[in-house]
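Below is one structure; the comments refer to it alone.
There are 2 protein chains.
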Amino acid sequence: MDIKQEVLKLAQEARNAARCIANVSSKAKDRALLNMAGKLEQKGEYLLEANRKDIAGVRDKGLSSAMIDRLTLNPKRIKEMAAGLQEIAALSDPVGEIVKMWRRPNGLLVGKMRVPLGVIGIVYESRPNVTADAAGLCLKSGNAVILRGGSEAFHSNKAIVSLLKEALIETELPGSAVQFVATTERQAVHELLKLDQYIDLVVPRGGTDLIRLVVENSSIPVVKHDKGLCHIYVDNEADLDMAEEIVFNAKVQRPGVCNAVETLLVHQEIAPTFLPRMIQRLQGSGVEIRGCLQTKTISPQIKEATEDDWETEYLDLILSIKVVKDMEEAMDHIARYSSMLAEAIITNNYSRAMSFLRAVDSAAVFVNASTRFTDGNQFGLGAELGISTQKLHVRGPMGLEDLTSTKYIILGDGQIRV
Amino acid sequence: MDIKQEVLKLAQEARNAARCIANVSSKAKDRALLNMAGKLEQKGEYLLEANRKDIAGVRDKGLSSAMIDRLTLNPKRIKEMAAGLQEIAALSDPVGEIVKMWRRPNGLLVGKMRVPLGVIGIVYESRPNVTADAAGLCLKSGNAVILRGGSEAFHSNKAIVSLLKEALIETELPGSAVQFVATTERQAVHELLKLDQYIDLVVPRGGTDLIRLVVENSSIPVVKHDKGLCHIYVDNEADLDMAEEIVFNAKVQRPGVCNAVETLLVHQEIAPTFLPRMIQRLQGSGVEIRGCLQTKTISPQIKEATEDDWETEYLDLILSIKVVKDMEEAMDHIARYSSMLAEAIITNNYSRAMSFLRAVDSAAVFVNASTRFTDGNQFGLGAELGISTQKLHVRGPMGLEDLTSTKYIILGDGQIRV
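Heads up: the sequence lines are chains A and B, in that order. Using my numbering, read the first sequence as starting at 1133 and increasing by one per residue. Using my numbering, read the second sequence as starting at 1133 and increasing by one per residue.
So this is what it looks like as C-alpha cells:
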C-alpha cells in the first residue's frame, strides 16, 4: 500500500472512531485512560526496549547529549507518563457542557453546547511523553487523534501507541481513536495535510521549519505552537526587590523554555539603581548580559547588544537589556520584537498596569508576576497540548476545553420564522 | 506597481491601522460607524452611479434577472445598508470584556480578556451591502479589514469603501482600517492568502469553488462559510400540526437560503397519516416533492428520489422525503448526507429530543422549531458576518464576539515559579 493510501485509511478510520467516542460517557473515557496508564506501567520493559532502538539510531547522528537525554525513557519517566494519563482522567469532561443559554423574545431557548472537534492531527518533534499526553487529552475531549512524531523517537512512539490502542480495545472503545503514522517518510505529512475532509484540526509542535511546512501546506485548520521571545518591563514605580526576584526567576529558573524572559526593558529613571544589582545577581548565576549603550554606561563590563539580540529567542542563560524612556517606548519595543507569547510589567502604578494589560498584544500579559507561569497547569487548566501562538480559536496554553468546539442547541415549542 | 506589491502594501497599512483601532474607545468607533451610515445616505447618488456601471457591465454576461436584482442598489437598499451600520453601532463592544477570571492557590488572578483578532480578510461574492456590513462589524470589534468583493460588484464596492474611508478619516480614525483590493485580477487573492504575517483571519463567502480556492491556498487561518443541506426529522411522537407548520415554514418561507430544509425524514409509524396532508400543503405552495419508495407508496403521484436528491442543496421549492424506521435511521441519514449546518427533530418524546440534541453533529440542532432560525439576528447575536460551517474558532452564525480572540491577563503581587 502506498503512503497516500495508508494515510487516507488512517484518517478514515479515525473519522469513524471519532463519531463513536464523541458520544461515549465520561466514565468510559476515564476507564480507558486509567487502563492506558496501567498498561504503560506494566509494559515498561517493552517501552524501554523500543526506546533503546531509537537511542541507538541517533547515536551516529551526532545529537547533543541534551537531545539524547530528552529522547531517553527510564522507569521514572514511564511512571510520569502514566501519572499524566491518570491526571487527565481526573479532569472534568468538557463535552456536553452548556456554555451559556438564553431566551429569545419568541420563547426559543438558544444555547451553546461544547462538542468534540472530531479528528485532530498532531505533528511533533518532541519527547516520547508527548505521545501519551496528546492521546490522553484528545480522548478525554472526545476526539480521535492522528499522531505523527519525530523520526528520532519513532520506535518509542510506536510502542507507546500500540499499548494505548490495546488499552482502548480492552475497555471496548475503538483502537482507531488513537492512530499512528507508521512511516518516517515526509510525504506522509504532506498527504495528511490535504485531508480536510476527515481531519478537523492539525497542531504542529516543533521548530520553525516544521511549523512553516504545516502552515503553508495545510488545507486543514491549524493551531500553531511557535516560539517565545518574552519581555519584562520594569517601570520607574516598580518595587525593585520584587522586580529583581521576578526577572531572576523568569531568566534563571528554566532558561530553555518558551516562557523564559529574553529581553529586559528598564525605565531610565531607575536604571542606575536597579541595573547594577540585577546584573550582579544574574551574572552570579552565570547569565551573560548584552545591553544597550545606556546599560553599558551603567555596567561598562558587559557586551553590547546588537539588533540581532532583540530578535533572538536565546533559550539559554543570556539576557538582553534595554533602557527605555518610558512605558510607551517599552511597549513599542515589545510590539516590534516580541513573538507575542508572554510579557510582564513590574509596577505599582495602577493606571500604567491597566494600560499595559490592555494594550500589549500577547497571549499572556502579566502584572507583577513571572512570565514562567505561562503554562496550562500553572493557569489551572490542567495538562496542555501546547501553547498556541495564533489568535484564532485558542491563544496561549491549549487545554481540554480548547480541544472542543461548540454547537448551537435550540429548544422550541413550535416556533416558525415570520 | 505590480499586484503583489499592491496587496502587500494594503496588508501592511491594515496591520498598522489594526494596532491603532484595537485600542480605540467604543465611543470613537460608534461615532465613526454613525458617520459611515450618514455618509452612505448623503452620497446615495454617487453609489447609484457606481452601481449602474456594474449593472451595465453584467448585462452582456447573461446573468439571471435574480442575480442582477441581487446586485442592484436603490435608495431603499442604501437606507438599509446605513441602518445596518447604525445597528452595529448600537451593539455592545466586545473588546476588553473579561470573559472569566479565577484565583490560583498562589494568589495569582488569571483571566481571559477579549481582544480584536487584528486584520481580517474577506473574500466574497455577494450583494454590495455585505461590503458595508463586513466593514462595520470588523471596525466595531476593533479589527482592520481587507475587502475583496466579486468583480461584478466592483464599482459599487469601491464606491462604498471610499465613503467608509472618508467617514473614518473625518472622525480621526485611520482610513486604512478599511482596505479595498482595487483590482479584479484573481492573482490578488492568491497574493493575499500568503500574507499570514499581516493578516490574522480570512473569511471566504461564496460558492464552493471560491471556498476551495481559499482553503487550499491560504497560509492564513480560514473560517469558511459553506453550503447548507438541512434536515427535519418528524418523530412518531411528534405533534403533527406543529410538524406541518415547521416543515412548511422551513421549506417555503424563503427557499433560496442555506438554512431552508432540503430533506424531510419521517418515522414510518406516522408516515401514512402525516405525509398525505404535508405533501398536499407543500404542493399547494408549488413545492415539488421527490420521495423514497415508501413515500411513493403513500403518495403515488410524486417523483421518486434518487441518490442525487439526498446530496443536493436545492435552494428552491423542491423537497426530498424519506420514510425511516426510527430516529437512529434518521440520524444515520443525517450523518451521511448533511452539510452539518442545521437539523431539527419534531417530537414530544423527551429522551429522544435530548439524544438528538447531543448526538447530531451540526452547527445548530433544533427541537420543535424551524431551521430557518439559524441566523445571528434570530439567535440574538446581532448582525453576522456569515455562518461558519467549520468547527474551529466559531461554528454557526459569526457575530461580533467571534471576530475577537482572548488573551490571558494575570495579576500578581510578586509571584515567581518554584
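No residue lacks a Cβ here, since even glycine has one placed at the ideal position from N, Cα and C.
1. In chain order, what residues of the same chain lie with their CB nearer than 7 Å to the CB of residue 1522 of chain B, ignoring the 5 residues before and after it?
2. Could you give the distance in angstroms between the alpha-carbon of residue 1495 of chain A and the alpha-carbon of residue 1534 of chain A?
3. Count the other CB atoms within 10 Å of the CB of residue 1297 of chain B; is the residue buried (16 or more) or exposed (fewer)?
4. Is the Cβ-Cβ distance between residue 1211 of chain B and residue 1173 of chain B less than 8 Å?
5. What would DSSP say about residue 1486 of chain B, mapped onto helix, strand or coil?
6. May I ask you to report which of helix, strand or coil DSSP gives residue 1352 of chain B?
7. Helix, strand or coil: which one does DSSP assign to residue 1529 of chain B?
8. Which of the three DSSP states is assigned to residue 1190 of chain B in this structure?
9. Select from the region 1528 to 1540 of chain B all residues with a C-beta closer than 7 Å to any C-beta belonging to chain A, and list them in chain order.
10. Counting only beta-carbon separations shorter than 8 Å, does residue 1381 of chain B have a partner in chain A?
11. Spatial neighbours of residue 1530 of chain B within its chain, please: C-beta separation below 6 Å, excluding the five flanking residues on both sides.
12. Whole angstroms are fine: how far does the CA of residue 1267 of chain A sit from the CA of residue 1350 of chain A?
13. Could you pull the DSSP bridge partners for residue 1423 of chain B from this structure?
14. Helix or strand or just coil, what does DSSP make of residue 1472 of chain A?
15. What residues from chain A crowd round residue 1385 of chain B, counting only those whose CB sits closer than 7 Å?
16. Look at residue 1418 of chain A and residue 1449 of chain A and say whether their C-beta atoms are less than 8 Å apart.
17. Can you tell me the Cα-Cα spacing of residue 1315 of chain B and residue 1482 of chain B, whole angstroms?
18. Check the Cβ of residue 1498 of chain A against every Cβ in chain C and list those closer than 7 Å, keeping chain order.
19. Using a Cβ cut-off of 7 Å, pull out every chain A residue sitting near residue 1306 of chain B, in sequence order please.
20. So, helix, strand or coil for residue 1477 of chain B, using DSSP?
21. Flag residue 1354 of chain B as yes if its beta-carbon sits less than 8 Å from any beta-carbon of chain A, otherwise no.
22. Look up residue 1548 of chain A in the DSSP assignment and say whether it is helix, strand or coil.
23. Give me the DSSP bridge partner(s) of residue 1496 of chain B.
24. Sorted by chain position, which residues of the same chain lie with C-beta nearer than 7 Å to residue 1283 of chain A's C-beta, five sequence neighbours on each side aside?
25. Express the C-alpha separation of residue 1377 of chain A and residue 1369 of chain A in angstroms, rounding to a whole number.
26. Between residue 1249 of chain B and chain A, is the shortest Cβ-Cβ distance under 8 Å, so that the two count as touching?
27. Would you check if there are 3 or more beta carbon pairs closer than 8 Å linking the region 1332 to 1347 of chain B to the region 1247 to 1260 of chain B?
28. Determine whether the beta carbon atoms of residue 1182 of chain B and residue 1287 of chain B lie at a separation below 8 Å.
29. Any Cβ of chain B within less than 8 Å of the Cβ of residue 1523 of chain A?
30. Would the region 1389 to 1403 of chain B and the region 1441 to 1457 of chain B be scored as touching if the rule is three or more Cβ pairs under 8 Å?
31. What whole-angstrom Cβ distance do residue 1363 of chain B and residue 1456 of chain B have, given they're in contact under 8 Å?
32. What are the partner residues of residue 1239 of chain A, as DSSP defines its beta bridges?
33. Which ranges would you report for the alpha helix (DSSP H) in the region 1207 to 1283 of chain A if only whole runs of at least 4 residues count?
34. If the cut is a Cβ gap below 7 Å, which residues of chain B does residue 1436 of chain A touch?
35. List, in order along the chain, the chain A residues whose C-beta lies closer than 8 Å to that of residue 1233 of chain B?
36. For the region 1364 to 1375 of chain A, list every residue whose C-beta sits within 8 Å of some C-beta in chain B, in sequence order.
Put simply:
1. 1355 and 1356
2. In this structure, the CA atom of residue 1495 of chain A is about 14 Å from the CA atom of residue 1534 of chain A.
3. With 16 or more other Cβ atoms from the protein chains shown falling within 10 Å of its own Cβ, residue 1297 of chain B counts as buried.
4. Taking 8 Å as the Cβ cut-off, residue 1211 of chain B and residue 1173 of chain B qualify as a contacting pair.
5. helix
6. In this structure, DSSP gives residue 1352 of chain B a state outside helix and strand, which the three-state scheme calls coil.
7. strand
8. helix
9. 1528, 1537, 1538, 1539 and 1540
10. Answer yes: the Cβ-Cβ gap between residue 1381 of chain B and chain A drops below 8 Å somewhere.
11. 1516, 1517, 1518 and 1520
12. Spanning the two alpha carbons is a distance of roughly 21 Å.
13. B:1436 and B:1453
14. Note: residue 1472 of chain A maps to coil in three-state DSSP.
15. 1549
16. yes
17. 55 Å
18. Annotation note: the requested chain C is absent from the structure, which comprises protein chains A and B.
19. The premise fails here: residue 1306 of chain B is roughly 16 Å from chain A at the closest Cβ pair, so nothing lies under 7 Å.
20. In the structure shown, residue 1477 of chain B falls within a strand segment according to DSSP collapsed to helix, strand and coil.
21. yes
22. coil
23. A:1540 and B:1474
24. 1316
25. 16 Å
26. yes
27. yes
28. yes
29. Closer than 8 Å: yes.
30. yes
31. Between residue 1456 of chain B and residue 1363 of chain B the Cβ distance is about 11 Å, and since that is not below 8 Å, they are no contact.
32. Residue pairing by DSSP leaves residue 1239 of chain A without any beta bridge partner.
33. 1207 to 1222 and 1261 to 1272
34. Those within 7 Å of residue 1436 of chain A in chain B number zero; the least Cβ separation is about 29 Å.
35. What residue 1233 of chain B touches in chain A: nothing, since even the nearest Cβ is about 11 Å away.
36. Those residues of the region 1364 to 1375 of chain A that come within reach of chain B (Cβ to Cβ, closer than 8 Å) are 1371 and 1374.
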